[in-house]
Amino acid sequence: MSTKQVKNNFEVAIIGGGIVGTAVFSELCRLGVNCVLLEASEDVSNGSTKANSGIVHSGYDPTPNSLMAKFNILGANMYEDMCKRLSVTYLKCGTLTVSNEEGRQKLNDLLNRGKQNGVKGLKIVENKELHKLEPNLNSDITLGLYAPTGALVSPYNVCVALAEEGIVNGGTVYCYFNVNKIKYQNQLYTIYAKESYAPTPFVNAKYVINCAGANAIEVNKLLGLPEPQNVSYVKGEYIILDKSLKGYVNRPIFPLPTAMGKGIVSNLTVHGNILLGPTATPCQKDDVSVSTDSIAQIVDKVCLTIKKPNFGKTIKLFAGVRAKVGNDFVIERDNTHKNYYYTLGICSPGLTSAPAIAVYIKDMLIEDGLKTKNITPKKRKPYPELATLSRQELNKLIKANPQYGRIICKCENVSEGEIIDILNSPLKPTSIDAIKRRVRPSMGRCQGSFCIPKLINLISQYLNIPKEKVTLNGIGSEIVISDIKQYGYYARKQINTVLKQVSTKK
Ligand SMILES: Cc1cc2nc3c(=O)[nH]c(=O)nc-3n(C[C@H](O)[C@H](O)[C@H](O)COP(=O)(O)OP(=O)(O)OC[C@H]3O[C@@H](n4cnc5c(N)ncnc54)[C@H](O)[C@@H]3O)c2cc1C
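Numbering (my numbering), first residue to last: 4 to 509.
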């Protein structure tokens, strides 16, 4: 049992630890605001922030003068510096939207829309120039809209880093805090957690910001706010291929967009995997299942753009949900409850827009009386990335600490030392998936078949919890039921032998 005192009183409470909530959290903590981030699950980045394409969109797609267009452009312009500040990867690869000759007019329309939105450097590339950029394009693809300001990030790495940055600047994160009741009295909010295992049953705050993603409408209802019209949820399914196909595509390659969205993208991740998807299927707000029909659809659609990749290299299927309210983001202050703000319908390009949305929300709070301090913000400390070190540097590190020489995940080359570092990081991961999102064990070809038992041991040892309490992704997803050597099979065998001896003596 931890003796650390639990804090209950804050100036600002943010509900939801996705990219929007963590961006707001970091923005406010860096201004010295006493802030808490409340997240329902066991870790931040567990909603649509962990299941998207990771594209920092250049901004040619949103309708001009919409909030989406505004925040997309502002956010995209902030991303590179933000990633530098957070010490996370920002892959400046540009994006391509491609078609055959028939799509020329549509590509020109996108180019003009992009110019209207203020996107810099857009140009149409053709034939040889296009195929030089992407050698695996199909031969009938002859045109592409190249957006050099498009980029790629790891969405969960950015989200975790923002949360950590908030913590090192004095903020508090409560995971397992599933908000299910909000009381508003005397201009103060008391926010209650649903589960008894929450780190505290309630917190008080003067300002509340609802960033609960697909669940934000439900959170608004806790204060009696009405459900908006035109709400829909759209699932995006993906296929991820292993790193041996690295280089098959060099940047996100979009088909021409349709009324359903930006289409199925031939994409990559900052870590070198090939990522194919997403689909766009109407769904329930928490439906992240993947269907065989959708996988077939991804395979068909991808092959219209690029030469068929080796789908035998598939390592994982996954899905994320886009929450939509009409055709634009909704970012409002409520006029019935003082100092209550909400974000609804933050679908794509929400990842790109998050830093700009955070600044916008911060400005609203300051306008409404929030006091900030002129402090020098601290930087979050990045985890050591052994893969980026020279052999000499690596040898030195292993000599100083042999834990960096003990490999836990052979697919992704992750050492025990790296895992221990993150078990001691500002936002301590408590599940296998939370560790996976930070330093990638179980992210590779074998998907954890070999390293999960070792990870269970490490988590148990460093968090001082029994192995039966270690979870894949939060309470209810425990992996082992007992240790067969300690009190399981072997122990039972011993008991049975003793019982047998006793019964034969009789
Ligand atoms: C398939 C797909 C592809 C996409 N691709 C891109 C892309 O390439 N580029 C881009 O810019 N955008 C993209 N997006 C959009 C982007 O992923 C979202 O806009 C963004 O992740 C939304 O972040 P969020 O913080 O609003 O919500 P979320 O990430 O969903 O976070 C909400 C958080 O709130 C928590 N929560 C919910 N209810 C409660 C409660 N009662 N109490 C406490 N916590 C609660 C949840 O657990 C969750 O962690 C894509 C989205 C999808 C689904």
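Each residue gets a CB set at the ideal place from its N, CA and C atoms; glycine is no exception.
DSSP places residue 188 in the uninterrupted beta strand (DSSP E) bounded by 182-188. Short of 7 Å from the beta carbon of residue 424, and not among the five residues preceding or following it, lie these beta carbons of its own chain, in chain order: 386, 387.
In the structure shown, residue 357 falls within a helical segment according to DSSP collapsed to helix, strand and coil.
At a threshold of 7 Å, residue 60 counts as near ligand 1, since its beta carbon sits closer than that to one of the ligand's heavy atoms. Your pair residue 209 and residue 342 checks out as a contact, with CB atoms roughly 6 Å apart and the cut at 8 Å. Contact between the stretch 137-148 and the stretch 395-411 is absent: fewer than 3 CB-CB pairs across the two stretches fall below 8 Å.
Comparing alpha-carbon positions, the option among 162, 114, 318 lying closest to residue 128 turns out to be 114. The residue among 269, 215, 448 with its C-alpha nearest the C-alpha of residue 241 is 269. Buried is the label assigned to residue 474, since at least 16 other Cβ atoms lie within 10 Å of its Cβ. Under the DSSP assignment, residue 465 falls in the alpha helix (DSSP H) whose first and last residues are 455-466.
About 6 Å separates the beta carbons of residue 326 and residue 236, which is inside the 8 Å limit, making them a contact pair. Residue 284 is bridged by DSSP to 238. In summary, residue 441 is buried, with 16 or more beta-carbon neighbours lying within 10 Å of its beta-carbon over all protein chains present.
Contact check for residue 310 and residue 141: beta-carbon distance about 6 Å, within the 8 Å limit, so the pair qualifies. Taking residue 359 as the centre and dropping the five residues before and after it, the same chain places the C-beta of 74, 77, 78, 81 closer than 7 Å to its C-beta, in chain order. In the three-state scheme derived from DSSP, where H, G and I count as helix and E and B as strand, residue 167 is classed as helix. C-alpha of residue 262 to C-alpha of residue 254: approximately 23 Å in a straight line.
When C-alpha distances from residue 443 are compared across 333, 283, 218, 159, the shortest belongs to 159. Judged by beta-carbon spacing, residue 459 lies within the 8 Å limit of residue 482, meaning their Cβ atoms are closer than that value. As the crow flies, the alpha-carbon of residue 336 is around 15 Å from that of residue 18. Between residue 31 and residue 332, the C-beta gap is not smaller than 8 Å, which leaves the two residues out of contact.
If only uninterrupted beta strand (DSSP E) runs of at least 3 residues are considered, those enclosed by the stretch 250-329 are 268-271, 277-280, 317-328. Comparing C-alpha distances from residue 183 to each of 63, 218, 151 shows the shortest one belongs to 218. For residue 103, the shortest C-beta to heavy atom distance toward ligand 1 is 7 Å or greater. Contact between residue 419 and residue 409 is confirmed by a C-beta separation of about 4 Å, below the 8 Å threshold.
Separation of the CB atoms of residue 338 and residue 207 is rounded to 22 Å, and the pair is thereby denied contact status at 8 Å. Per the Cβ contact rule, the stretch 57-64 is in contact with the stretch 97-117 (3 or more Cβ pairs under 8 Å). Residue environment for residue 132: exposed (fewer than 16 other C-beta atoms within 10 angstroms of its C-beta). Under a 10 Å Cβ-count criterion, residue 378 is classified as exposed, with fewer than 16 other Cβ atoms of the shown protein chains found around its own Cβ. Annotated three-state conformation of residue 114 is helix, per DSSP.
The beta-carbon separation of residue 44 and residue 178, rounded to 7 Å, stays under the 8 Å limit for a contact. With a threshold of 7 Å, the Cβ atom of residue 45 does not count as near ligand 1, since no heavy atom of the ligand is closer than that.
Take the alpha-carbon of residue 363 and the one of residue 72: they are about 14 Å apart. Residue 353 sits buried, since 16 or more C-beta atoms from the chains shown fall within 10 Å of its C-beta.
Residue 18 has 41, 213 as its beta-bridge partners, per DSSP. Residue 471 and residue 480 have their C-alpha atoms roughly 10 Å apart.
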